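One structure below.
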Amino acid sequence: MTVELQTSSAKESPVNIDSLQKLISEELAKLDEPKTFIEDVAAALQTKSSKHKFIVLVTEVHANESINENLKIKVSVGTVWDGDKDGYHHFKVAAASTFMVTVYWVYVG
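All residue numbers for the sequence shown refer to our numbering, where the first residue is 1 and numbers rise by one.
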């Protein structure tokens, strides 16, 4: 199983990318139950910063074996936030299924 950073928007991330990647890797076994995975990752992140709120989004990608072309998924999000203090990291997790894990944070001071 691999956890690979895909995109990021972070000038002042409250959690270093390597630490977040390690946290996701440690919680991989829980991805079969996304609610548990999300709750545990969010709880661990909340201990990293009392000045931020965290949102954890998990998307599971299923593909029929008969698909002969590369599967493409496009997700768009709009935000109104402080580009210096708020941001996100988006990871691709390759396991038995493919998961996209995005962690957003919003500075609340």
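Idealized CB from N, CA, C, for every residue including glycine.
Since we're looking at a predicted model, the values are computed, not measured.
The beta carbon of residue 43 sits closer than 6 Å to none of the beta carbons in its chain outside the five residues before and after it. Following the DSSP letters along the chain, one finds residue 4 in no alpha helix (DSSP H) but inside the beta strand (DSSP E) bounded by residues 2–9.
In the displayed model, residue 35 falls within a helix according to three-state DSSP. If you draw a straight line from the Cα of residue 27 to the Cα of residue 41, it is about 7 Å long.
For residue 60, the enclosing beta strand (DSSP E) begins and ends at 52–61. Rounded to whole angstroms, the separation of the alpha carbons of residue 101 and residue 10 is 16 Å. Fewer than three beta-carbon pairs drawn from the segment 73–80 and the segment 19–36 are found closer than 8 Å, and the two stretches are therefore not classed as touching.
Selection 13, 62, 88 evaluated against residue 6 yields 88 as nearest (Cα-Cα).
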